[in-house]
Amino acid sequence: MVHFVGAGSGAPDLITLRGEKYIENADVIIYAGSLVNPQLLSNAQKNCRIYNSARMTLDEVIDTIRQAEKEGLTTVRLHTGDPCLYGAIREQMDRLRQLNIDFDICPGVSSFCAAAAALEAEYTLPGVSQSVIITRMAGRTKVREEESIASLASHQATMVIFLSASMLKDLTAELVRGGYREDTPAAIVYKASWEDQKVIRCPLGCLAREAAHNHIEKTALIIVGYCLGDEYELSKLYDPEFTTGYREAGKVRHESEPGI
Numbered sequence: 001m002v003h004f005v006g007a008g009s010g011a012p013d014l015i016t017l018r019g020e021k022y023i024e025n026a027d028v029i030i031y032a033g034s035l036v037n038p039q040l041l042s043n044a045q046k047n048c049r050i051y052n053s054a055r056m057t058l059d060e061v062i063d064t065i066r067q068a069e070k071e072g073l074t075t076v077r078l079h080t081g082d083p084c085l086y087g088a089i090r091e092q093m094d095r096l097r098q099l100n101i102d103f104d105i106c107p108g109v110s111s112f113c114a115a116a117a118a119l120e121a122e123y124t125l126p127g128v129s130q131s132v133i134i135t136r137m138a139g140r141t142k143v144r145e146e147e148s149i150a151s152l153a154s155h156q157a158t159m160v161i162f163l164s165a166s167m168l169k170d171l172t173a174e175l176v177r178g179g180y181r182e183d184t185p186a187a188i189v190y191k192a193s194w195e196d197q198k199v200i201r202c203p204l205g206c207l208a209r210e211a212a213h214n215h216i217e218k219t220a221l222i223i224v225g226y227c228l229g230d231e232y233e234l235s236k237l238y239d240p241e242f243t244t245g246y247r248e249a250g251k252v253r254h255e256s257e258p259g260i
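For the sequence shown, the numbering used here assigns the number 1 to the initial residue and increments by one for each residue that follows.
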């Protein structure tokens, strides 16, 4: 059996209880060494075989799993954040299906969630943005024109941009081309939730300068949008004049009434 496990955003205590249990019981762990906090491996069994996939090809990863299956061992494939985002797990799952090797997926806390926590921000503010666009700049991995930064920026939604910290001048130009002003609120969150986390707020036009000043070239998320500003509308959820399935408009619950 193979368990794909989301390691979380970095802090070792942000892995799920299920994920931690899988690590504790694993016979083999293949972890994304370039991004996964190695402290998570301290919970592995003493005789657990541990491999760093940063030094491996897809074939080598699959061969390692196949050998573990022949020996009746349980494998944890430990990915950063949540494996559904830029985890390259589809190609691994397809290969495992071809080999009739069972697997499941344990979700994790994505770094885009940890970045919001670090910023003390809410991505979906009423009257500002009700959508979050998670994307990346085109690099060695190509991006369709319909998904280009400029095209997505035209929606003026909250944007969380992965894998682009080394291309901030080009990223800024594309965001501006798409409609964002250079004074749009933006932020760089380096290694969200790690001990050496850095949070930098600045206008969009200053992203490249601030990253260079702080020696940030990778392992950082870029957040752009007016959710980082100060203007927004209050939620209807707690509006006393708004009826919900749990509360009538204008009715105030007395202290003696039971809560949830």
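Yeah, the Cβ is synthetic: ideal placement off N, Cα and C, and Gly gets one too.
Measure the C-alpha to C-alpha separation of Val189 and Arg55 and round it to an integer number of angstroms. Counted from its first residue, the sequence shown places residue 189 at position 189. Counted from its first residue, the sequence shown places residue 55 at position 55. Each residue's CA atom was taken as its position, placing Val189 and Arg55 some 26 Å apart.
Alpha carbon to alpha carbon, how far is Ile134 from Ser164? Taking the first residue of the sequence shown as position 1, residue 134 is located at position 134. Taking the first residue of the sequence shown as position 1, residue 164 is located at position 164. Roughly 12 Å separates the two Cα atoms.
According to DSSP, simplified to helix, strand and coil, what is Lys46? Residue numbering aside, residue 46 sits at position 46 when the sequence shown is read from its first letter. In the three-state reduction of the DSSP assignment, Lys46 falls in the coil class.
Boundaries of the alpha helix (DSSP H) in which Met93 is found, first to last residue: The residue you call residue 93 lines up with position 93 of the sequence shown. In the DSSP annotation of this structure, the continuous segment of the alpha helix (DSSP H) that includes Met93 starts and ends at 90-98.
Answer yes or no: the CB of Gln67 versus the heavy atoms of the ligand NAP, is any distance below 7 Å? The ligand NAP is not among the ligands present in this structure, which contains no ligands whatsoever.
Among Arg144, Ile161, Glu91, Ala153, the one whose alpha carbon lies nearest that of Ala220: Here the question's residue 220 lines up with position 220 in the sequence shown. Of the listed residues, the one whose Cα sits closest to Ala220 is Ile161.
Span of the beta strand (DSSP E) around Thr264: What the structure shows of the chain is the stretch from 1 to 260, and residue 264 is not part of that stretch, so it cannot be assessed.
Taking the beta carbon of Gly8 as the centre, do at least 16 other beta carbons fall within 10 Å, making it buried, or is it exposed? Taking the first residue of the sequence shown as 1, we reach residue 8 at position 8. Gly8 is classed as buried because its beta carbon has at least 16 other beta carbons within 10 Å across all chains shown.
I need the straight-line Cα distance from Thr244 to Leu78, nearest angstrom please. Here the question's residue 244 lines up with position 244 in the sequence shown. Here the question's residue 78 lines up with position 78 in the sequence shown. When rounded, the separation of the alpha-carbon atoms in Thr244 and Leu78 is 42 Å.
Which residues does DSSP list as the beta-bridge partners of Tyr51? Your numbering for residue 51 matches position 51 in the sequence shown. Paired residue(s): Ile30.
Helix, strand or coil, according to DSSP, for His155 in the structure here? What you label residue 155 is simply residue 155 of the sequence shown in a count that begins at 1. Correct three-state label for His155: coil.
Can you tell me whether Lys191 is buried or exposed, with buried defined as 16 or more other CB within 10 angstroms of its CB? Taking the sequence shown and counting its residues from 1, one reaches residue 191 at position 191. It counts as buried.
Using alpha carbons as the reference points, say which of Val109, Ile62, Val76 lies closest to Cys84. Walking along the sequence shown from the start, residue 84 turns up at place 84. With distances taken between CA atoms, Cys84 lies nearest to Val109 out of Val109, Ile62, Val76.
Excluding five sequence neighbours on each side, which residues of the same chain lie with their C-beta closer than 8 Å to the C-beta of Glu24? On the sequence shown, residue 24 is found 24 positions in, with the first residue counted as 1. For Glu24, same chain residues with a beta-carbon under 8 Å away, outside a window of 5 residues either side, are Asn43, Ala44, Gln45 in chain order.
Which residues in the same chain have their Cβ closer than 6 Å to the Cβ of Ser178, if we skip the five residues on either side of it in sequence? The sequence position of residue 178 within the sequence shown is 178, counting from 1. First, the amino acid is wrong: residue 178 is Gly here, not Ser. The beta carbon of Gly178 lies closer than 6 Å to those of Ala150, Ala153, Ser154 in the same chain, with the five residues before and after it left out.
Identify every run of the alpha helix (DSSP H) within the stretch 199-260, keeping only runs that are complete inside it and at least 4 residues long; order them along the chain. Correct list: 207-213.
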